[in-house]
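Trainee: Residue numbers (the working numbering): 25 to 514. Cβ coordinates follow ideal geometry from the N, Cα and C atoms, glycine included.
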Amino acid sequence: MTIRTYNTLSGKKEILQTIEPGHVKLYVCGITSYDYCHIGHARSSLAFDMIVKYLKYRDYKVTFVRNFTDIDDKIIARANEQNTTSEELANRFINEFHVDMDKLGIARPDIEPRATEHIDEMITMIGELIANGKAYEAGGDVYYIIDSFPEYGKLSKRNIEDMKAGARISINEQKKHPMDFVLWKAAKPGEPKWKSPWGDGRPGWHIECSAMSKKYLGETFDIHGGGQDLIFPHHENEIAQSEGANGKPFVKSWIHHGFVTIRDEKMSKSLGNFLTIRDILDNYHPEVLRFFIFSTHYRNPLDFSEAAMQDATAGLDRLYQCVASINELDKTNTRQDTETAFGESDLLKIDSLEERFQQAMDNDFNTAQAQGVFFDTVKTINKIRAKLSEKPLATDIDKLKATTSILKNLAAIMGLLCEDASTYLLTKKQDMLTNCDIDADAIEALIIERKQCRIDKNWSRSDEIRDELLAKNIELKDGADGTRWVVKSK
RNA sequence: GGCGGCGUAGCCAAGUGGCUAAGGCAGUGGUCUGCAAAACCAUUAUUCAUCGGUUCGACUCCGAUCGCCGCCUCCA
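#1: Can you check which of these residues, E289, K407, L70 and V123, is closest to L22 by C-alpha distance?
#2: Any contact of the stretch 154 to 166 with the stretch 206 to 217, i.e. 3+ C-beta pairs under 8 angstroms?
#3: Take C442 and list the residues in its own chain whose beta-carbon comes closer than 6 angstroms to its own, dropping the five residues that flank it on each side.
#4: Pull up the CB-CB distance for G61 and I301, whole angstroms please, since I reckon it's below 8 angstroms.
#5: Y240 and K199: beta carbons closer than 8 angstroms?
#6: Taking the C-alpha atoms as reference points, what is the distance between S484 and D463?
#7: Helix or strand or just coil, what does DSSP make of E368?
#8: Is the separation between the beta-carbon of L417 and that of T358 shorter than 8 angstroms?
#9: Around the Cβ of D341, are there at least 16 other Cβ atoms within 10 angstroms (buried) or fewer (exposed)?
#10: Please state the DSSP three-state secondary structure of G190.
#11: For N324, count neighbouring Cβ atoms within 10 angstroms of its own Cβ and tell me buried if that reaches 16, exposed if not.
#12: Looking at the unbroken alpha helix (DSSP H) that takes in T401, where does it start and where does it end?
#13: If you count every other CB in all the chains shown that lies within 10 Å of the CB of R192, and 16 or more means buried, which is it?
#14: For the candidate residues I421, K415 and I374, whose alpha-carbon lies nearest to that of F399?
#15: If you reduce the DSSP assignment to three classes, tell me which class T42 lands in.
#16: If L40 and V76 are in contact, beta carbons under 8 angstroms, what's the gap, nearest whole angstrom?
#17: Can you give the Cα-Cα distance for N115 and R138, rounded to whole angstroms?
#18: Would the stretch 281 to 291 and the stretch 330 to 337 be scored as touching if the rule is three or more Cβ pairs under 8 angstroms?
#19: For D165, report the span of its beta strand (DSSP E) as first-last.
#20: If the criterion is Cβ atoms closer than 8 angstroms, does the pair F389 and L434 meet it?
#21: Can you name, in chain order, every residue of its own chain whose Cβ lies under 8 angstroms from the Cβ of K37, other than the five neighbours on each side?
#22: Tell me whether the beta-carbon of N297 lies closer than 8 angstroms to the beta-carbon of I286.
#23: Is L179 closer than 8 angstroms to I255 when the C-beta atoms are compared?
#24: Helix, strand or coil: which one does DSSP assign to P137?
#25: Since I286 sits in a beta bridge, which residues does DSSP pair it with?
#26: Can you grab the Cα-Cα spacing for the pair A392 / I405, in whole Å?
#27: F298 by DSSP, collapsed to three states: which one?
#28: Would DSSP call D502 helix, strand or coil?
#29: Beta-carbon within less than 6 angstroms of S266's beta-carbon, same chain only, minus the 5 sequence neighbours each way: which residues are those?
#30: Please tell me whether E145 and M236 are closer than 8 angstroms, where the distance is taken between their beta carbons.
#31: From K411, T447, K407 and Q395, pick the residue whose C-alpha is nearest to that of L431; which is it?
#32: In angstroms with no decimal places, state the Cα-to-Cα distance between A284 and I63.
#33: Can you tell me whether K425 is helix, strand or coil according to DSSP?
#34: Please report the Cβ distance between L353 and I421, rounded to the nearest whole angstrom; I am assuming they are in contact, meaning their Cβ atoms lie under 8 angstroms.
#35: Quick check on the burial criterion: 16 or more other C-beta atoms within 10 angstroms. Buried or exposed for G190?
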């Protein structure tokens, strides 16, 4: 089996063929660090975290580079507002980014290069572009000559003439062609600046990724990723820069993920429909966010809502409850005969779990389908669990435990089921209890009272207790081994 | 205006021309329960925005129409 990924450049799903056998070199555009991260950033980080984890699971070596843009107009403007330096501001939000990523359980990339630490590499590349006749200096700025790169537009599938018609390009007297983009910006008074052959200034946005990817991954590498909004102009310009300077293909395959929307609109500060990762984690377990993000394919838009998060919570709980119920099985009272609870079709489902998971994930990382495979398996496990007699077959228990173990390993690729199941459920229960009008001891006391009522067949008082607790969101579950309680979600 | 994408059940969401159109949430009926809950079983799209076309056969390919979204300025 082979992994196939959708390549924005070709517009098709393609078989993953790495330049160096068994080694994927991946570059992802990271954040501009001037504010807290929102759930769109979370989607980006989570998508590539999942991709890296899956590639490793499929035995690829992965070199993963994700940059920080720590110098740009927004950073300078925000630093001025806050009476600080752009360096301090950028560093502060890089730290906050790491705090959020750690909470989400996202593994660090192998290399996290910062733009300001690669000014020399950028200056070198800009020099090469000027030497190749693909850039010019004008008043301390350096611009890329769009017309010198005939393939300009090949990623975003647009042509220069059409874009001129769009007429939303700001007029800049310095530019020879309105679409020429800046490689180096002359410093304005009071702005951070670096020395260069064209005078003091700072790099344009796009050049950093060309320079840093070259340094860490080479002139041509396997996969470059980012959000769909980066296709144009950022990634288009990166191609022009890198291929213009190196004379070699830049990237084999481009992966772009979709947006998180709120009420079907892209999040943006101007619309005020903006949610930070922290806002979400205040109210939801990180795995709920992960479950939600991976419930659709990474290229589709994903609409955030409280209802969707409740659905995700219910789904994740179902997975954890299944794992917990199997963990609780013990083999102290088992049989050794051959009357298995597994039917033929059950075995077929159970035994094909990993293969079906791989099929889904090999197909452009189809996490939504993979989640379907998980639930299909959970259904089978629950069915067998319900069929087990009081004295079950030892090998049946082994099989159930082996299956949940595989399930957990596969779910971990999406960062799901990473906690101990009973700990997750218990913690959740305790968290929810703090919002209830009653404590655990009082609940236990009522359960004991109700137990006696039930022995006495005093059903009215027994039901009264149950209703009383239910009014406080506590739900009772009578089982063979006594009564348990759960906090009902709203 | 140009380009890209989407439209599958009440909601969310898979579906790489041919097998019963996955799965989740919600709902309904049943099993289990003293009654419930959970779990399990069954059930919920003769149909995939609409209309045409290609094909022996299309949710899947092509064209048109309608609706929604994104990019074309910073953006994950």
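Mentor: Walking through what the data contain:
#1: A question about residue 22 goes unanswered here, because the residues of the chain that appear run from 25 up to 514.
#2: yes
#3: A436
#4: For the record, residue 61 in the displayed sequence is Cys; it is not Gly. That pair is a contact at about 5 angstroms.
#5: no
#6: 23 angstroms
#7: helix
#8: yes
#9: buried
#10: Unreliable positioning characterises G190 in this predicted model, as indicated by a pLDDT of 46, which lies under 50. The coordinate reading is nonetheless provided below. Correct three-state label for G190: helix.
#11: exposed
#12: T391 to K411
#13: Note that R192 has pLDDT 47, beneath the 50 cutoff, so the model's placement of it is unreliable and no number is given.
#14: I374
#15: coil
#16: Actually they are not in contact, since the Cβ atoms of L40 and V76 sit about 13 angstroms apart, beyond 8 angstroms.
#17: 10 angstroms
#18: no
#19: D165 to Y168
#20: no
#21: R28, T29, Y30, N31, N387 and D388
#22: yes
#23: yes
#24: coil
#25: E289 and F328
#26: 20 angstroms
#27: coil
#28: strand
#29: S234 and F274
#30: yes
#31: Q395
#32: Residue 284 is actually Val in this sequence, not Ala. Going by the C-alpha atoms only, they are around 7 angstroms apart.
#33: helix
#34: 5 angstroms
#35: Per-residue confidence for G190 stands at a pLDDT of 46, beneath the threshold of 50, marking its modelled position as unreliable; no derived number is given.
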